[in-house]
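S.K.:
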Amino acid sequence: MALRTRTQEPPAPTPTGAPDRTWLWVLLGLLAVALAARVLDPMGIPWLRSLLIVFGSLLIEAMPFVAIGAAVSAAIEVFVPASSFAKIATLPKAAQIPAAAIAGMAFPVCECGSVPVARRLARKGLSPAAAVTFMLAAPIVNPVVIASTYVAYRGRDTQMLMVGGRFLLGLIVAMCVGWVVGAIAPGDLLRGAATQAEEEEGPAETRAHRFFSHLSGDLLFMSRFLILGALIAATIQTFVPATVANSLASLPVLSLLAMMFLAFILSLCSESDAFVAASFTAFGPSAQLAFLVFGPMVDTKLAALYVGTYSRRFFWTVLIVVTTATLVGCLWIEVIWG
Amino acid sequence: MSAVAAQATLRWSPTRIATAVALGLWAAMFWVLFATGRTYLYLSTRTSWLVPVGAIIFTAGALGRLATARTERHEPVDRHNAWGLGLMALPVVLVMALPPATLGAYTVQKRATFAGSAIGATARDVTGPLDFVDIGAAQSFPAAMDQLRARAGETITLEGFVTKEASAPPDEILLTRYIVTCCVADATIAQVRVVGLPPGDYTNDEWLQVTGNVYPVGREVLVAASGATQIPVPDQPYLTP
């Protein structure tokens, strides 16, 4: 289990031989893309137009959330003393994970924003299990998401089931992941190598200097993975056959897995996914609930972020535990509520 | 004296300047979207506030990186950083270089199963002036459809784009509008079947303003057209529930 964090900007190599001119080729490539976009009329090709618009919209919505998360992360690094988290670490272990899950209620941004914050919390001394629990719970249990779920299901018999079920199941699944991470990972695995911003720090640097240094570092680091994830999500949205899920709607377990699969490939923001989930009228409430709990914890763009920020093994751990816990929870709800 | 000596050894870091430029490109894109109103090609009115927020934070990040770009270390832009920064700049280049465009008829077919069977909007009272969100609500909620049925025959004016069916007669089209809650990725559709159109060559993705009488039939909503006018793409092509 490797929950290490990676460096944001790897240390520059010592100058040897001829200077690296890769940046020049990258610049020329970008200019060629811009020229092609103007001359070749890619928007005239329907599938490419759909792909490019969805790709752009995913990023234009998600990047400000990442930016908010990066700003909060930088503020935690610079303005919150490590001793604050040391006090939390003295809490009984049994209380740390539930407390972290509940703390997610105080962070009203979607899933992309919680990743840099959780990463920073772990680096500041919060246990990896608690940091991961916070990261997974916050996009589901915060007030904005609860309100959007309430509105999306207004006028339906299942409204309170969806709102309450999403909140409680979200908390439980996040805590399950936290417990698994705590059980199989050494306590310091989330405190990986120092970032370049941290390496740059010196005793004479001002807080403002350090804040902006961390802000830019986190933005750069997270953006790359988010862009790759958004590109994959947009491609899947463009090409996946429209009949992929409907045929499974009436099958007990497969309908839940189908909705989780849809949540994974659609990569919707947790603040809007309830409106889409509510439109899957062919699926029962437990399958819609699976969509609402699974999606904010694991989707295409998050997968890229997790792999980039932590490790592949971390991603697979989250995927397996979230899938299992969501499936079991939703099956129980299906048994109880029909 | 030592401070002066240390100051003298500081030099601009190409890596940090390049990072500042990449962040600055994102900031510039958000400012342009904000200033030109192109925000609504990507986001709903509910989430449009994200654009100025992104512009401010990315501007701060770029300026902050620039302010800390002088260092004693040798930091050339190595291959890894060059590709990473290029990847980061790529979406900005695409968004800024591509002409403004909206989702069209091609995506309607893809969305139909995902989310097009009903818009999942709030249970609206379909009692005011009718629009596409009411149509979608009626197709989602039986109570809203009952209210719409009670208003059968009323005159309605809708703006949307043409979605042609291969088997449809020449005076019949589907008029479609996307409904977006947060961003275009969550777009769902509301659709009416327009019949009795004036003769013309209606093509996919063409925007029309259609006036006619509305008639709910089963889960479908028909509009018996009394007039249709070609219109440009609206400034806000997507509706927000």
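Sequences listed follow chains A and B, in order.
Residue 346 is where the first sequence ends in our numbering, and the numbering goes up by one at each step.
Residue 345 is where the second sequence ends in our numbering, and the numbering goes up by one at each step.
Beta carbons: idealized from backbone N, C-alpha and C, even for Gly.
Every value quoted in this text rests on a predicted model; they were computed, and no experiment measured them.
Closer than 8 Å, Cβ to any Cβ of chain A: which residues of the region 152 to 165 of chain B, in chain order?
M.R.: Those residues of the region 152 to 165 of chain B that come within reach of chain A (Cβ to Cβ, closer than 8 Å) are Leu154, Val155, Val157, Gly158, Ile161, Phe162, Ala164, Gly165.
S.K.: Does any C-beta atom of chain D lie closer than 7 Å to the C-beta of Arg128/A?
M.R.: Chain labels in this structure do not include chain D; the protein chains are A and B.
S.K.: Tell me, to the nearest whole angstrom, how far the beta carbon of Val296/B is from that of Val325/B; I am working on the premise that it is less than 8 Å.
M.R.: Confirmed, Cβ separation roughly 5 Å.
S.K.: If you reduce the DSSP assignment to three classes, tell me which class Ala286/A lands in.
M.R.: Correct three-state label for Ala286/A: coil.
S.K.: Where are the alpha helix (DSSP H) runs, 4 residues long or more, that stay fully inside the region 24 to 81 of chain A, in chain order?
M.R.: The qualifying runs are 30 to 47.
S.K.: By DSSP, does Glu276/B sit in helix, in strand, or in coil?
M.R.: It is coil, neither helix nor strand.
S.K.: Please list the residues of the region 59 to 71 of chain A that have a C-beta atom closer than 9 Å to any C-beta atom in chain B, keeping them in chain order.
M.R.: Under the 9 Å Cβ criterion, the region 59 to 71 of chain A contributes Leu60, Ile61, Val62, Phe63, Gly64, Ser65, Leu66, Leu67, Ile68, Glu69, Ala70, Met71.
S.K.: Can you list the residues of chain B that Ser122/A reaches, using a CB-CB cut of under 7 Å?
M.R.: Simply none; closest approach about 16 Å.
S.K.: With 7 Å as the threshold, decide whether the Cβ of Pro147/A is near any Cβ in chain B.
M.R.: By this cut-off, Pro147/A is not an interface position.
S.K.: Assess contact between the region 126 to 134 of chain A and the region 159 to 178 of chain A, defined as three or more Cβ pairs (one per stretch) separated by less than 8 Å. Is contact present?
M.R.: These segments do not touch.
S.K.: Identify which residue in Ser231/A, Ser319/A, Pro106/A, Phe322/A has its Cα closest to the Cα of Leu66/A.
M.R.: Measuring from the Cα of Leu66/A, the nearest candidate turns out to be Ser231/A.
S.K.: Mapping DSSP to helix, strand and coil, what is Pro341/B?
M.R.: Note: Pro341/B maps to coil in three-state DSSP.
S.K.: So with CB distances below 7 Å, who are the chain B contacts of Ile240/A?
M.R.: Neighbours of Ile240/A on chain B: none; closest Cβ ~12 Å, over 7 Å.
S.K.: Quick check: the region 283 to 294 of chain A against the region 239 to 247 of chain A, are there 3 or more CB pairs under 8 Å?
M.R.: No: the two stretches stay apart, fewer than three of their Cβ pairs being nearer than 8 Å.
S.K.: Using only CA atoms, which one of Ala209/B, Leu234/B, Met133/B lies nearest to Ala166/B?
M.R.: Nearest of Ala209/B, Leu234/B, Met133/B to Ala166/B, Cα basis: Met133/B.
S.K.: Does the region 49 to 66 of chain A come close enough to the region 288 to 302 of chain A that 3 or more CB-CB pairs lie under 8 Å?
M.R.: Because the criterion of three Cβ pairs below 8 Å is not met, the region 288 to 302 of chain A and the region 49 to 66 of chain A do not touch.
S.K.: Run the CB neighbour count on Ala191/A, radius 10 Å, all protein chains shown included, and call it buried at 16 or more, exposed below.
M.R.: With fewer than 16 Cβ atoms within 10 Å of its Cβ, Ala191/A is classed as exposed.
S.K.: Gly173/A: which of Leu300/A, Leu276/A, Phe63/A, Leu234/A sits nearest, CA to CA?
M.R.: Of Leu300/A, Leu276/A, Phe63/A, Leu234/A, the residue nearest in Cα terms is Leu300/A.
S.K.: Per DSSP, what kind of secondary structure is Leu262/B in: helix, strand or coil?
M.R.: Three-state result, Leu262/B: strand.
S.K.: Any idea what DSSP makes of Cys120/A, helix, strand or coil?
M.R.: Here Cys120/A sits in helix by DSSP.
S.K.: Which residues in chain A sit within 7 Å of Gly360/B, going by Cβ to Cβ distance?
M.R.: One cannot answer for residue 360/B here, as it falls past the ends of chain B, which runs 105 to 345.
S.K.: Locate the alpha helix (DSSP H) running through Pro136/A, then write down its first and last residues.
M.R.: Here the alpha helix (DSSP H) through Pro136/A covers 136 to 149.
S.K.: Determine the direct distance from the alpha carbon of Gln104/A to that of Val140/A, and round the result to whole angstroms.
M.R.: Distance between the alpha carbons of Val140/A and Gln104/A is about 11 Å.
S.K.: Comparing C-alpha positions only, which one of Asp305/B, Ala124/B, Gly304/B sits nearest to Ala186/B?
M.R.: With distances taken between Cα atoms, Ala186/B lies closest to Ala124/B.
S.K.: Taking the beta strand (DSSP E) that Arg297/B belongs to, which residues open and close that run?
M.R.: That run of the beta strand (DSSP E) goes 292 to 299.
S.K.: Using beta-carbon positions only, say whether Val157/B and Thr119/B come within less than 7 Å of one another.
M.R.: Result no, Cβ atoms of Val157/B and Thr119/B do not sit closer than 7 Å.
S.K.: Let me know the secondary structure DSSP gives Ile335/B once reduced to three states.
M.R.: DSSP places Ile335/B in coil when its eight states are reduced to three.
S.K.: Would Ile235/A count as contacting chain B if we go by Cβ distances under 7 Å?
M.R.: Yes, Ile235/A lies at the interface with chain B (some Cβ there is under 7 Å from its Cβ).
S.K.: Using 7 Å as the threshold, is the C-beta distance between Asn150/A and Pro116/A below it?
M.R.: Contact: yes.
S.K.: Hey, how far is the Cα of Pro233/B from the Cα of Ala247/B?
M.R.: Going from the Cα of Pro233/B to the Cα of Ala247/B covers about 17 Å.
S.K.: Are any of the Cβ atoms in chain A nearer than 7 Å to that of Ala270/B?
M.R.: No, its Cβ sits nowhere closer than 7 Å to a Cβ of chain A.
S.K.: Using the beta-carbon of each residue, which ones in chain B are nearer than 9 Å to Val41/A?
M.R.: Near Val41/A (Cβ distances below 9 Å), the residues of chain B are Leu194, Val197, Leu198, Ala201.
S.K.: Which residue wins for smallest C-alpha separation from Leu310/A, given the options Ile110/A, Phe73/A, Leu129/A?
M.R.: Closest option to Leu310/A, Cα to Cα, is Phe73/A.
S.K.: Just curious, the alpha helix (DSSP H) that Tyr306/B is in, first and last residue?
M.R.: Per DSSP, Tyr306/B belongs to no alpha helix (DSSP H) and is neither H nor E.
S.K.: Would you mind giving the Cβ-Cβ distance between Ile154/A and Val181/A, rounded to the nearest angstrom? I have them listed as a contact below 8 Å.
M.R.: Ile154/A to Val181/A, Cβ: 16 Å. No contact.
S.K.: Would you identify the three-state DSSP class for Cys287/B, choosing helix, strand or coil?
M.R.: Looking at Cys287/B - three-state DSSP - the assignment turns out to be strand.
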